[in-house]
Amino acid sequence: MTPRAEYPRPHFDRSHTWSSLNGDWDFRADTEQDWTRTITVPFAWETPASGIEAHWLPVAWYRRRISVPADWAGQRIVLHFGAVHHEATVWVNDTEVIMHRGGYTPFEADITAALAEGGEQEIVVRVAAPLDKREIAHGKQRSIPRDDFDGVCFTPSSGIWQSVWLEARPATYVAALKLRPSGALDSIEAEVSVAGPAEGTLRLTLRGTDTTVELPVAEGVVQAGLLVAEPRLWSPEDPHLYHVDAELVSADGTDRVSGYTGLRRVEVIGEDLYLNGRRLFVRGVLDQGYWPRTGITPPDDAALRRDIELAAALGYNLVRKHLKLEDPRFIHHADELGMLVWAEPAATGLFSADSVAAFEEQIAPMAERDGNSPAIVIWGLYNEEWGLDWDIPGDPAKQEAAARAYDLLKALDPTRPAVDNSGWAHVKTDLLDWHYYDESAASWGSTLAKLLDGEQDDFPVRLGPDYVVRKKLAAVPSQPLRGLPNLNSEYGGGHTGVDRAWHLRWQTQEMRRHDRLAGYVYTELYDIEHESAGLLDFERRAKDLAGVDPADVNATTTLVLDVVPVAPGRDLVSEAREVSVPVHVSHHGAEPVNGHLHTAWTSIFGATPGDGGSWSEGPWSEGSWSEGPWVEAKPFVLSGAAEVRAGLPAGWTSGRLHVALVSDGAVVARSAVDVDTFTGHVIGDDPQARP
């Protein structure tokens with residue numbers, strides 16, 4: 076069976092005339108003379124799936140013999156590589172056809188002139204994967220010498236790690252198909268690049284409609300608008316796609332490609348993000364794109380789709396694909412499933428002219444390859460000054476690098492917001508995002524409030540076990556600190572599933588307290604190798620989250636409790652058996668919401684009332700819940716506090732108080748607070764001290 080046998084490039088589809096070259100290739104290290112081993116493409120040579128599992132191998136060779144389909148006679152034969160880390164030189168029948176640098180960007184070569192008459196053809200690929208990766212784009216792959224951020228890096232993935240395939244096309248052909256929604260969201264604006272020696276006629280058809288345009292093509296670029304009679308906007312709730320077929324007829328023959336996009340508009344208006352004219356609150360999760368036996372290559376197409384579905388099931392509406400130009404089919408599945416995407420290139424490791432050039436070389440391929448996607452709503456660039464020596468504020472050259480990356484990207488795509496340097500030290504950005512980690516619930520809430528209220532513009536960042544610095548939101552005076560959307564684009568705490576679930580619940584609720592916030596991105600979706608920060612384990616299995624359901628935490632409607640929690644299992648320490656908790660409602664739907672607050676007790680870390688049914692079903696249905704006060708909330712306006720009172724059941728010294736907002740018999744939001752009446756657990760005189 077051919078691995079990754081699906082067509083690799085859904086945004087520029089020529090699948091009617093292609094042939095996969097995935098599967099077994101001959102393989103040898105540069106120090107070996109004979110082709111005695113076989114590697115499975117497209118899996119990196121470090122991975123078990125490749126059949127090689129070679130580590131810290133700087134140079135290796137691939138070889139495969141192929142036959143070109145007979146019915147491709149008279150056409151140009153093109154060899155495509157989705158991505159090869161890091162430098163690839165390709166020969167066909169001993170003729171060098173291309174050399175490409177950059178481990179995350181696609182490349183192709185017209186190999187027609189190198190082909191022999193009939194019979195088998197031989198492809199040989201030499202791949203150099205430097206052990207010292209610091210001046211090349213390598214994302215989260217480890218380097219020797221190590222990066223400053225080595226502690227959060229993983230096993231390298233070297234060699235051919237995305238699909239390899241052949242396509243046939245005429246000498247005059249469609250080279251690019253750029254599709255964008257019009258400003259009025261009532262048409263598709265198509266820009267078609269044509270290459271080759273002949274003149275021709277280009278026919279563009281909006282599939283499923285009566286819209287077709289025909290244009291003469293002499294050379295270069297053709298532009299046309301395809302009117303949509305009854306526009307259907309793309310959104311997470313209705314991810315409707317419009318497909319465009321391009322047919323180019325010339326003396327060299329007929330070339331056909333297809334692409335798609337969606338009618339949607341993402342905007343920054345003041346401090347808010349908007350999607351199709353409606354305010355958007357980002358509920359995001361970090362996804363680094365690693366798999367246990369296949370490294371940075373998904374084991375199959377279903378794995379890409381499943382990760383999106385898992386994120387959605389946990390309540391997220393956006394995935395930040397971190398420091399990696401992901402397989403194009405991930406973007407395709409996000410388009411189909413309605414998952415918003417924050418996309419960004421791979422990081423370098425230290426600052427130099429070469430590393431800046433290597434980073435910038437990814438920007439145009441990223442925008443061109445994935446720009447048709449309606450799912451991508453944010454472009455990222457640098458991350459936490461990686462590749463800039465953690466010193467943007469202290470070096471004008473590094474400030475210039477961040478600003479230039481922003482300008483390069485915005486010149487290619489002004490329609491999406493872009494982030495220059497995610498996390499801190501912004502120079503030129505559309506979104507003011509920050510990465511804030513804190514193991515103390517009290518200081519988390521306090522720092523968050525000060526950042527959003529404008530009382531402070533910096534926060535502590537731990538760069539090493541004993542090295543904490545304060546990072547400013549802006550590195551230069553020209554970068555405004557107000558008037559832009561604020562996002563906490565990395566957060567999370569704790570080392571066990573119980574700890575992380577506790578931090579997820581309380582830290583996220585504190586962000587929902589602040590109406591100014593435009594969203595968040597939790598770190599992260601699943602564990603990777605030594606990094607156990609995920610809501611799922613590395614195999615994408617559920618972890619013990621001690622009764623916390625992330626889908627409740629990330630819901631459109633959530634509850635915000637006026638509690639500064641002490642520790643997992645001991646949110647509220649009370650000498651009295653009866654507790655009073657003020658409760659607010661944060662609601663991000665289109666219409667107001669209202670209802671009664673209900674309460675019920677279980678043991679700490681027990682199940683949640685209403686699991687598997689409505690609030691009135693299950694073991695809590697017989698009088699164990701109580702109806703409390705009425706509360707109502709408008710969209711994006713935190714409600715006033717409604718006080719719920721509840722007493723621990725007889726004989727209990729602790730318990731979990733579940734609170735739910737019930738509207739018309741349905742639970743629309745829920746949370747909980749763990750109450751402990753045994754105050755002897757508290758250390759010292761500080762009621763917030765951690766045990």
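Counting in our numbering, the sequence shown runs from 76 upward without gaps. No residue lacks a Cβ here, since even glycine has one placed at the ideal position from N, Cα and C.
Contacting residues, own chain, Cβ-Cβ under 8 Å from residue i (five flanking each side not counted)
{"i": "Asn669", "result": "Trp705, Val706, Glu707, Ala708, Ser738"}
{"i": "Asp495", "result": "Leu456, Tyr457, Ala477, Ala478, Ala480, Tyr481, His501, Val502, Lys503, Thr504"}
{"i": "Gly722", "result": "Arg652, Glu653, Val654"}
{"i": "Ser310", "result": "Arg339, Leu350, Asn351, Gly413"}
{"i": "Ser701", "result": "His673, Thr674, Ala675, Ala721"}
Contact belief for residue i with residue j at Cβ below 8 Å, rounded distance in angstroms
{"i": "Asp362", "j": "Leu600", "result": "5 Å"}
{"i": "Ala80", "j": "Ser90", "result": "That belief does not hold up - the Cβ atoms of Ala80 and Ser90 are roughly 12 Å apart, past 8 Å."}
{"i": "Val394", "j": "Ala377", "result": "Not really, about 16 Å apart at Cβ, beyond 8 Å."}
{"i": "Val658", "j": "Val719", "result": "6 Å"}
{"i": "His155", "j": "Glu192", "result": "Their Cβ separation, rounded to whole angstroms, is 23 Å, which puts His155 and Glu192 out of contact at 8 Å."}
{"i": "Arg580", "j": "Val639", "result": "That pair is no contact at about 13 Å."}
{"i": "Asp101", "j": "Thr113", "result": "6 Å"}
{"i": "Phe229", "j": "Arg244", "result": "That pair is no contact at about 38 Å."}
{"i": "Leu483", "j": "Ala450", "result": "Their Cβ separation, rounded to whole angstroms, is 22 Å, which puts Leu483 and Ala450 out of contact at 8 Å."}
{"i": "Val297", "j": "Glu274", "result": "The pair is not a contact, with the Cβ atoms about 12 Å apart (cut-off 8 Å)."}
{"i": "Ala549", "j": "Leu348", "result": "No, Ala549 and Leu348 are not in contact; Cβ-Cβ is about 19 Å, not under 8 Å."}
{"i": "Gly498", "j": "His510", "result": "4 Å"}
{"i": "Tyr365", "j": "Ile603", "result": "5 Å"}
{"i": "Tyr595", "j": "Gly359", "result": "6 Å"}
{"i": "Arg353", "j": "Ala665", "result": "7 Å"}
Cross-strand partners of residue i (DSSP beta bridge)
{"i": "Thr170", "result": "Val167"}
{"i": "Ala477", "result": "Ala477 pairs with nothing; no bridge assigned."}
{"i": "Phe534", "result": "Lys546"}
{"i": "Gln298", "result": "Glu266"}
{"i": "Asn496", "result": "Tyr457"}
{"i": "Val303", "result": "Answer is none; Val303 lacks a bridge partner."}
{"i": "Glu289", "result": "Arg278"}
{"i": "Ala741", "result": "Ser738"}
{"i": "Lys399", "result": "Glu419"}
{"i": "Trp366", "result": "Gly370"}
{"i": "Asp375", "result": "None, per the DSSP bridge assignment."}
{"i": "Thr336", "result": "Tyr317"}
Own chain partners of residue i with C-beta closer than 6 Å, once the 5 adjacent residues on each side are dropped
{"i": "Arg575", "result": "Gly569"}
{"i": "Gly688", "result": "In this predicted model, Gly688 has a pLDDT of only 41, less than 50, meaning its place in the structure is not dependable; the value taken from the coordinates is given anyway. Excluding sequence neighbours, Gly688 sits near nothing in its chain."}
{"i": "Ser691", "result": "Note that Ser691 has pLDDT 45, beneath the 50 cutoff, so the model's placement of it is unreliable and no number is given."}
{"i": "Thr36", "result": "The structure shown does not extend to residue 36, since the chain spans only 76 to 766, so no value can be given for it."}
{"i": "Pro51", "result": "Residue 51 is absent from the structure shown; the chain starts at 76 and stops at 766."}
{"i": "Glu419", "result": "Gly455"}
{"i": "Ala124", "result": "Phe118, Arg368, Thr369"}
{"i": "Thr522", "result": "Phe534"}
{"i": "Thr632", "result": "His662, Val668, Val743, Ala744"}
{"i": "Gly337", "result": "Trp309, Leu316, Pro449"}
{"i": "Arg103", "result": "Trp110, Trp136"}
Outcome for residue i when other beta-carbon atoms lying within 10 angstroms are tallied against a minimum of 16
{"i": "Asp543", "result": "It should be noted that the sequence gives Val, not Asp, for residue 543. Result: exposed."}
{"i": "Gln237", "result": "buried"}
{"i": "Asp222", "result": "buried"}
{"i": "Ser430", "result": "buried"}
{"i": "Ala163", "result": "buried"}
{"i": "His733", "result": "buried"}
{"i": "Leu538", "result": "exposed"}
{"i": "Arg282", "result": "exposed"}
{"i": "Arg84", "result": "buried"}
{"i": "Gln554", "result": "buried"}
{"i": "Asp146", "result": "exposed"}
{"i": "Met174", "result": "exposed"}
Neighbourhood of residue i by C-beta distance below 7 Å, restricted to the same chain and skipping five residues each side
{"i": "His578", "result": "Gly567, Gly568, Gly569"}
{"i": "Glu697", "result": "Residue confidence is low: Glu697 scores 43 on pLDDT, short of 50, so the model does not pin down where it sits. Its coordinate-derived value is still stated next. Contacts found: none."}
{"i": "Asp590", "result": "Phe711, Val712, Leu713"}
{"i": "Ala203", "result": "Pro133, Val134, His161, Glu162"}
{"i": "Glu242", "result": "Arg89, Thr92, Trp93, Val153, His155"}
Chain B contact for residue i (CB, 9 Å cutoff)
{"i": "Trp700", "result": "In summary, chain B is missing from the structure at hand, where a single protein chain is found."}
message = If we require 3 or more residues per run, which beta strand (DSSP E) segments fall completely within the region 601-676?
response = 632-636, 653-662
inquiry  = Please give the ranges of any beta strand (DSSP E) in the region 498-525, keeping only runs that are unbroken, at least 3 residues long and fully inside the region.
reply    = 507-510
request  = List in chain order: all unbroken beta strand (DSSP E) runs of 3+ residues lying wholly within the region 85-165.
outcome  = 93-95, 98-104, 112-116, 134-141, 151-156
inquiry  = In chain order, what are the residue ranges of uninterrupted beta strand (DSSP E) at least 3 long that sit wholly in the region 195-278?
reply    = 196-203, 239-244, 248-256, 262-270
task = Run through the region 561-596 for me and flag every whole beta strand (DSSP E) of 3 or more residues, listed as ranges in chain order.
result = 561-565
request  = Report the residue ranges of all alpha helix (DSSP H) runs contained in full by the region 403-461; include only those spanning at least 4 residues, in chain order.
outcome  = 403-412, 428-435, 438-445
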